[in-house]
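Q:
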Amino acid sequence: MKFVLSYFGILFILFFSLETQAQTFTIKGKVSDRESNQPMEFANIALLTVGDSSLVTGGMSDLDGTFSFDTEQTGDFLLRVGFIGYDNYFRKITLGDKEVLNVGNLRIGPDATNLEEVVVEGVTSMFESDIDKRTYNVENSIVAEGATATELLETLPSIQVDDEGGISMRGSGNILIYINGRPSNLSGDDAESILAQFPANSIKTVELITNPSSRYDAAGVGGIINIVLKKNEKTGLNGQANVSVGTRDKYQAGINMNYGTGIVNIYGSYNYQNRRLFREGEGLRQSFLPSTSPFLDQDNYGESVDVNHLVRTGIDVNFTENKTLGFYVQGNFRDRTSFNELNQRNENNSRQLDSLFVRNTDDSRQSYNIETGLNYTWDIDTLGQRLFSSISYSYDNRFQEEIYDQLFFNQFNQEVPTNRLLQINERPQSSNFYVLQLDYEKPFANGGKLESGLKGTFGEWDRGQDFFQGDASTEFVPVRSDFFSDGFNFKEDVYAAYLSYRNKIGKLGYQGGLRGEYTETRSIQESNQNVVINNYFNLFPSLYFSYDLGQEEEFTANFSRRISRPNIWALAPLFRVSDLFNLSVGNPFLQPELTNSYEVGYMKGWEKYLLNATVYHRFSTNILTRVIRLDDDNVAIQTRENANSRSSTGFELVNQIQVTQWFDATLTGNIFYSEIIGDNIEEGFNNSNLSWTVALLGNMAIPNFATVQIQGNYRGPIVLPQGEIEPMWGINAGVRKNIMNNRATVSLNISDIFNTRIFRIRTEDSRFVQDRMFNRETRIGTISFAYRFGGFKDRNGRSRDREEFDEDMDF
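Numbering (the working numbering), first residue to last: 338 to 1148.
Structure below.
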């Protein structure tokens, strides 16, 4: 804590000592279309040196086409104006004679080589690649219309979702989830619960950060998934309304509105979901215990109805051109009801019935999640010096009640009423989560850039379980069970500070950083007042290199150290009792997992083809893994334990192809070898395998008709200490058409066309062999309609009915 306070003091002194005595010169003007004379918003204006055309500084035109930016340099320069689909405009200027240089109205014209592209409706790329992340522009995703955030993530390359809603990337399940760049109050089974409340239509982009630098939280061995929600920033009143209907009672509607004046931007959105989903499963376990039936044959079917409300509003105030204060508040409200029918047949060696349990479940859940935050951004100068600070708080509250009615049938399939069980399980949950952050960026004249910051995350989670059972001895009146009833409180505070520097020497770019995190954790089990305290400090270095091999050709290499801390779901020693032959329970003594991650990459771009190849290696110690043990009563108990190590080496290839002007495709392949060493848990708990994933995303724009999108993926087997998760694949397709003068769109999609996204897992041990299958409803047809209002732009992206300016008018 002293280290953090000292670092904050240094940063505070550095911040308030920033002064400059150099004279500042201002360049101002206006950009307009040469043919229509309409103002050009968001045009790029760059100030270049005359000798080598290197960038000095620059800016972007405002909504009325005007621009203004400052520099401290004097002499002769080139002024370049650029806009997609237009010829670059150049003018030679001299700075130093007067403080303000007005270059007047700069008219640019369309690029003659791109005239055909302006006329023909083209496709919008969903995929962008950067040195440290990939960005998927999912607001253009047709196949995810009407889906939830979880279902949207399943359509993206490198991401898989398992039967419990756990998310993995490149085969690693230790993922950190951000919402709008901030850590979210998501952990374990909570992730699916909260992500299910975000409709895909509320998401603008998804960023996959596979090997984060020191400026990011060190948590998340497999990387970071940052979900960016939509927020308009256009002037005036504008917005979008949407509605969708899916097969088997799936309904979604929402509205996203914005009002901006240039100084104040107010935004708000509301999304409603009402979705019915089925879930079915099968299981066959052969046990080698002398006193029990050798076979347990199970099947189940259930349905759930989820009603979700997502409300979000906020305001951004631009006090000056370079100082912005933002405030937001967001609420998720969920009401879920479900039922499940589970049949459990105990069978002898001849697969004849010994006994049958029929377990019927009625489940109701009510929950809400409230989050609010305040942020302040100060762009100290036009060279990029910047200060960002933020504070956020979220509160999550849930209550779940499960009612079980279990019937017993003997070997003759006759009910035995005295063996009936009535059970009630009440599960209250709540959590508080605070995030405080301060970041500072300082560019230097030599091209270098310093980044530093402080961060604190403070979380507390409470979970309880009150379990009641009624049988013949209680005359079927439920009585509280002390064995299954318990409570658990977990607190985790993380104090972090980081410093990084990047620069370039010729064609070699480099970035080095160091992050320090001090973690304090404390957990208490209610039944026995068992207190577990685990405090630790870790350093997380990161190092990145890039080498420019030529135009759109680059070689990269990087290293980072990461951590995966066990969450409340893995720690809480509360039994999950939906299936009394397959229990699961947390382990409060879990230790954090540490990983060294290495990547080497090569990127090459041609006119219509982009190749991105990466070789990666991860080595983890104290890995968090699932372990299943069979007790003498033929009950399988699943928990989490720390295995010695896991190593994973892979090769990922991303191919982005512009086949024609109206058709593009992104093909991603990933092959990796994984090995788990878990003989510290039990002899023979070592395993390894070779696995792979393949994903294809194709976009086709049929001129004057519609846009078609096809997406498919295949995931190979995933290794576990006691077996593996078996391969899985699926294909989605959708079509979208603009109507009503491009103000509205209508879409139709079908997910998992062949109904093949079925989760299968095989577990082997000296005492048993088990195969289980889980099938969530994934084949869904959806029709969607969206209407945009306000802020309408013409085909070339310019607003209509704007004032015209004379060429040399002073701004």
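Note that CB positions come from ideal geometry on N, CA and C, so glycine has one too.
Measuring CB atoms only, is the segment 663 to 680 touching the segment 940 to 948, in the sense that at least three cross pairs come out at less than 8 Å?
A: Contact fails: fewer than three Cβ-Cβ distances are below 8 Å.
Q: Roughly how many angstroms lie between the CA atoms of Leu415 and Asn783, to the nearest whole one?
A: One C-alpha to the other measures close to 20 Å.
Q: Alpha carbon to alpha carbon, how far is Val582 from Asn747? Give it in angstroms, no decimals.
A: Cα to Cα, Asn747 sits roughly 46 Å from Val582.
Q: Quick test of your reading: Gly1035 and Ile1018, contact by CB under 8 Å. State the CB separation rounded to the nearest angstrom.
A: Wrong, their Cβ atoms sit about 44 Å apart, outside the cutoff.
Q: Mind checking Ser985: buried by the 16 CB within 10 Å criterion, or exposed?
A: Ser985 comes out buried.
Q: State buried or exposed for Gly843, treating a residue as buried only when at least 16 other CB atoms are found within 10 Å of its CB.
A: Classification of Gly843: exposed, given that the 10 Å Cβ count is below 16.
Q: Ends of the alpha helix (DSSP H) at Trp906?
A: Here the alpha helix (DSSP H) through Trp906 covers Ile905 to Leu908.
Q: Would you kindly work out how many angstroms separate the C-alpha atoms of Leu443 and Val393, rounded to a whole number?
A: So the alpha carbons of these two residues sit roughly 20 Å apart.
Q: What residue ranges within the segment 833 to 882 form continuous beta strand (DSSP E) runs of no fewer than 3 residues, ordered along the chain?
A: You should have 845 to 862.
Q: By the 10 Å Cβ neighbour count, where 16 or more other Cβ atoms means buried, how is Met338 classified, buried or exposed?
A: Residue confidence is low: Met338 scores 45 on pLDDT, short of 50, so the model does not pin down where it sits. Its coordinate-derived value is still stated next. It is exposed - the Cβ of Met338 has fewer than 16 other Cβ atoms within 10 Å.
Q: With 16 other CB atoms within 10 Å as the buried threshold, where does Asp316 fall?
A: The chain is shown from 338 up to 1148; residue 316 falls before or after that span and cannot be answered.
Q: Mapping DSSP to helix, strand and coil, what is Leu489?
A: Residue state, collapsed to three classes: helix.
Q: Please report the distance separating the alpha-carbon of Ala556 from that of Ala833.
A: So the two alpha carbons sit approximately 11 Å from each other.
Q: Would you mind stating whether Arg955 and Thr932 have Cβ atoms separated by less than 8 Å?
A: Yes, they are a contact pair.
Q: Do Ile1014 and Ala980 come within 8 Å of each other at the CB atom, strictly closer than that value?
A: Yes, the pair counts as a contact, with Cβ atoms nearer than the cut-off.
Q: Given a cut-off of 8 Å on the beta-carbon distance, is the pair Val1031 and Gly1006 in contact?
A: Cβ distance < 8 Å, so Val1031 and Gly1006 count as in contact.
Q: Exposed or buried, which one is Glu453 when buried takes at least 16 other CB atoms within 10 Å?
A: Because the pLDDT of Glu453 is 33, which lies under 50, any placement of that residue in the model is unreliable, and the number read from its coordinates should be weighed accordingly. That one is exposed.
Q: Beta-carbon within less than 8 Å of Tyr838's beta-carbon, same chain only, minus the 5 sequence neighbours each way: which residues are those?
A: The residues are Gly785, Lys786, Leu787, Glu788, Gln848, Gly849 and Gly850.
Q: Given a threshold of 16 other Cβ atoms within 10 Å of its Cβ, counted over all protein chains shown, does Asn1069 qualify as buried or as exposed?
A: Result: buried.
Q: Between the Cα of Arg735 and the Cα atoms of Arg702, Leu759 and Leu744, which residue gives the shortest distance?
A: Per the Cα distances, Arg702.
Q: Pull the bridge partners of Glu684 from the DSSP assignment, please.
A: Paired residues: Phe632 and Leu690.
Q: For Thr1119, tell me which candidate among Ile1090, Gly1127, Phe1096 and Arg1125 has the shortest Cα-Cα distance.
A: It is Ile1090 whose Cα lies nearest to the Cα of Thr1119.
Q: Which residues does DSSP list as the beta-bridge partners of Lys828?
A: Paired residues: Glu797 and Arg859.
Q: I'd like to confirm the pairing. Which residues does DSSP put opposite Tyr553 in its beta bridges?
A: Note: Tyr553 sits in no beta bridge, so no partner.
Q: Taking the beta strand (DSSP E) that Asp1001 falls in, what are its first and last residues?
A: Asp1001 -> beta strand (DSSP E) spans Phe1000 to Ile1014.
Q: Does the contact criterion of 3 or more C-beta pairs under 8 Å hold for the segment 874 to 883 versus the segment 915 to 926?
A: Output reads no: the segment 915 to 926 does not touch the segment 874 to 883.
Q: Using the beta-carbon count (16 or more within 10 Å), is Phe628 buried or exposed?
A: The residue you asked about is not Phe; residue 628 is Ser in the sequence shown. When all chains shown are included, Ser628 counts as exposed.
Q: Quick check: the Cα distance between Tyr884 and Glu891, rounded to an integer number of angstroms?
A: C-alpha separation (whole angstroms): 6 Å.
Q: Rounding to the nearest angstrom, what Cα-Cα distance links Pro549 and Asn712 in this structure?
A: When rounded, the distance between both Cα atoms is 23 Å.
Q: Bridge partners of Gln995, per DSSP?
A: For Gln995, which the question treats as bridged, DSSP gives the partners Asp1001.
Q: Within 10 Å of its beta-carbon, does Thr411 have 16 or more other beta-carbons around it, so buried, or fewer, so exposed?
A: Exposed, since its Cβ has fewer than 16 Cβ neighbours within 10 Å.
Q: For the beta strand (DSSP E) that contains Glu619, what are its first and last residues?
A: That run of the beta strand (DSSP E) goes Val601 to Ser624.
Q: Taking contact to mean 3 or more Cβ pairs, one atom from each stretch, closer than 8 Å, check whether the segment 672 to 681 and the segment 714 to 732 are in contact.
A: With the cut-off at 8 Å, the segment 672 to 681 and the segment 714 to 732 do not touch.
Q: State buried or exposed for Trp798, treating a residue as buried only when at least 16 other CB atoms are found within 10 Å of its CB.
A: So Trp798 ends up on the buried side.
Q: The beta strand (DSSP E) spanning Arg1113 covers which residue range?
A: That run of the beta strand (DSSP E) goes Phe1105 to Arg1113.
Q: Can Ser581 be considered in contact with the ligand GDP, in the sense that its beta carbon sits closer than 7 Å to one or more heavy atoms?
A: In terms of ligand content, the structure shown is empty, and the ligand GDP therefore cannot be addressed.
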